[in-house]
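**Q** Its first residue numbered 766, the sequence shown is counted upward by one per residue in my numbering.
Below: one structure in structure tokens.
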Amino acid sequence: MAKLLEIKNLKTYFYTDDGVAKAVDGVNFDLDQGETLGLVGESGCGKSVSALSIMRLIPNPPGKIVDGEILFKGQDLTKFDDKKMQEIRGNDIAMIFQEPMTSLNPVFTCGDQIDEAVILHQQVTKEEAKKRSIGMLHLVGIPAPEQRYNEYPHQLSGGLRQRVMIAMALSCNPEILIADEPTTALDVTVQAQILELIKKLQDELGMGVIMITHDLGVIAEVSKRVAVMYASKVAEYSNAEEIFYNPKHPYTLGLLNSIPKLNKGQGRLSTIEGNVPPATNYPSGCHFCTRCKYVDSKLYTADSKCWNIEPVLEQVSGTSTMHVVACHYYKEIEKRRIKEGDKIPSDAA
Ligand code: SF4
């Protein structure tokens, strides 16, 4: 049986004055029905561009999907024309964007905006759409949904606006929900409520969910499998347990180490030194080599693998589950870490 979603060798580039920005460059992952896949990494790693590529919302120009396949139930979305994509978008695949205030239209009521998606995709009357929209507002836990239906986005708190976005995304019972940093702009208590809500609705509706975040704590809460992205590529990919308890890539280790730990006398918070390089100027070898604390020391010489040869994803040896990592030296790094008594920072799980 075909997977719900399969991303194969996806490449999305932006043609800018500074050169070609390879925002997503050869990415592979898949999603099963009812499953949550976490896409994690810092800003600028290609997570959101991957999501926008799936939705076929890459602005062209300057952006373009230059290669790869996006298979939704076996059908390649990259081959669909705009009309066919409009039928899929919002109906079969929906997305929650990270900033509800800028994603909702300020001049229409919340109800009108949910109605629009329902009328477009479900061929129902305005009255039926209204009934359904109020039902969705109720489903996502908005108090007094009939009243909120007639209100404008600015009259709602950030948490309520995000719930309206979720109601809009779920209004047509999509098979896939892409949630791009759905809790970033929210207070921590509201964050927990929104995550709980997405989980509950996923159980009720059986959707596949792609949860995009830079926060491994969020991923630990909700994801069955995790793809760690760094600088346009997948650096490590496995089930959540492997990523949290048996991480191999120095970037994954760095992310796990950066999570604040309460009541453990942590002292200074660990960080990953440096920044994600610009997408127009990635190193020619491993994209993480400018920041990796385990990078081989033979800088820029022909026999330096890290600086000259791009690592490809390979199955981690000694693991029976699917666990792939793109690092030339993951085995040596593991030995070194064991020798140095460096514990796996899995407190997030
Ligand atoms: Fe670090 Fe080299 Fe592994 Fe890249 S290939 S993560 S630079 S050790």
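Ideal Cβ positions, reconstructed from N, Cα and C, are used throughout, including at glycine.
This structure is a prediction, so every number in the text was calculated from the model and none was measured.
Could you give the DSSP three-state label for V883: helix, strand or coil?
**A** helix
**Q** Please determine whether the Cβ atom of I1098 lies at a distance below 7 Å from any heavy atom of ligand 1.
**A** yes
**Q** With burial defined as no fewer than 16 other Cβ atoms inside 10 Å of the residue's Cβ, what is the status of D880: buried or exposed?
**A** buried
**Q** In whole angstroms, give me the CA-to-CA distance for V927 and K964.
**A** Note on identity: in this sequence residue 927 is Gln, with Val being the wrong assignment. Looking at the two C-alpha atoms, the distance is approximately 15 Å.
**Q** Is V974 a contact residue of ligand 1, with contact defined as CB to any heavy atom under 7 Å?
**A** no
**Q** What I want to know is whether the C-beta of H1093 ends up closer than 7 Å to one or more non-hydrogen atoms of ligand 1.
**A** yes
**Q** Inspect the beta-carbon positions of K1013 and V929 and report whether they are closer than 8 Å.
**A** No, they are not a contact pair.
**Q** Starting from I963, trace the alpha helix (DSSP H) in both directions and tell me its first and last residue.
**A** Segment 953-970, the alpha helix (DSSP H) holding I963.
**Q** Take A932 as the anchor and find which of D945, M860, V1081, L770 has the nearest alpha-carbon.
**A** Nearest C-alpha to A932: M860.
**Q** Just to check, is the beta-carbon of Y1059 closer than 7 Å to a non-hydrogen atom of ligand 1?
**A** yes
**Q** Does the beta carbon of H1014 fall short of 7 Å from some heavy atom of ligand 1?
**A** Correct: H1014 has its Cβ closer than 7 Å to ligand 1.
**Q** Put Y994 into one of helix, strand or coil per three-state DSSP.
**A** The identity of residue 994 in the sequence shown is Met, whereas the question assumes Tyr. Residue state, collapsed to three classes: strand.
**Q** Expressed to the nearest angstrom, what Euclidean distance is found between the alpha-carbon atoms of Q1130 and S813?
**A** Missing from the structure shown is residue 1130; the chain here goes from 766 to 1114 and no further.
**Q** How about L942 and A934: are their beta carbons less than 8 Å apart?
**A** Contact: yes.
**Q** Note down the Cα distance separating P947 from I1037, rounded to an integer number of angstroms.
**A** 24 Å
**Q** Helix, strand or coil for E911? Go by DSSP, reduced to three states.
**A** helix
**Q** I1109 lies in the alpha helix (DSSP H); which residues open and close that run?
**A** First-last for I1109: undefined, no H or E at that position.
**Q** Verify whether the separation of the beta carbon atoms of L769 and K849 is less than 8 Å.
**A** No.
**Q** Does the Cβ of C1054 lie closer than 7 Å to at least one heavy atom of ligand 1?
**A** Checking the 7 Å criterion, the Cβ of C1054 is within range of a heavy atom belonging to ligand 1.
**Q** Of all the options K891, H886, S868, which has the alpha carbon lying nearest to the alpha carbon of D877?
**A** K891
**Q** From which residue to which residue does the beta strand (DSSP E) around K776 run?
**A** 770-781
**Q** Does at least one heavy atom of ligand 1 sit under 7 Å from the Cβ of C1071?
**A** yes
**Q** Kindly provide the ranges of any beta strand (DSSP E) runs that are 3 or more residues long and lie completely inside the stretch 1024-1091, ordered along the chain.
**A** For the stretch 1024-1091, whole beta strand (DSSP E) runs of length 3 or above, ordered along the chain, are 1088-1090.
**Q** Specify the secondary structure class of L1018 as computed by DSSP and reduced to three states.
**A** Reduced to three states, the DSSP call for L1018 is helix.
**Q** Span of the beta strand (DSSP E) holding L822?
**A** Note, L822: premise wrong, no beta strand (DSSP E); not H, not E.
**Q** Can you give the beta carbon distance from L796 to G971, rounded, assuming they're within the 8 Å contact cut?
**A** Going by Cβ atoms, the distance from L796 to G971 rounds to 13 Å, so no, they are not a contact pair.
**Q** Which of the three DSSP states is assigned to S868 in this structure?
**A** It is helical.
**Q** Could you name the residues of the same chain whose beta carbon sits closer than 6 Å to that of R1102, not counting the 5 residues immediately before and after it, in chain order?
**A** none
**Q** Exposed or buried, H919, counting other C-beta atoms within 10 Å across all chains shown (16 or more means buried)?
**A** exposed
**Q** For E1001, is the classification buried or exposed, using 16 other Cβ atoms within 10 angstroms of its Cβ as the cut-off for buried?
**A** buried
**Q** DSSP three-state call for G982: helix, strand or coil?
**A** helix
**Q** At which residues does the beta strand (DSSP E) containing K829 begin and terminate?
**A** 828-837
**Q** I believe S815 touches V789 by the beta-carbon criterion, under 8 Å. Please report the beta-carbon distance rounded to the nearest angstrom.
**A** 5 Å
**Q** According to the neighbour-count rule (16 or more other Cβ atoms, all chains shown, within 10 Å of its Cβ), is D1068 buried or exposed?
**A** Classification for D1068: exposed.
**Q** Please tell me whether V983 and L960 are closer than 8 Å, where the distance is taken between their beta carbons.
**A** yes
**Q** State buried or exposed for P1015, treating a residue as buried only when at least 16 other CB atoms are found within 10 Å of its CB.
**A** buried
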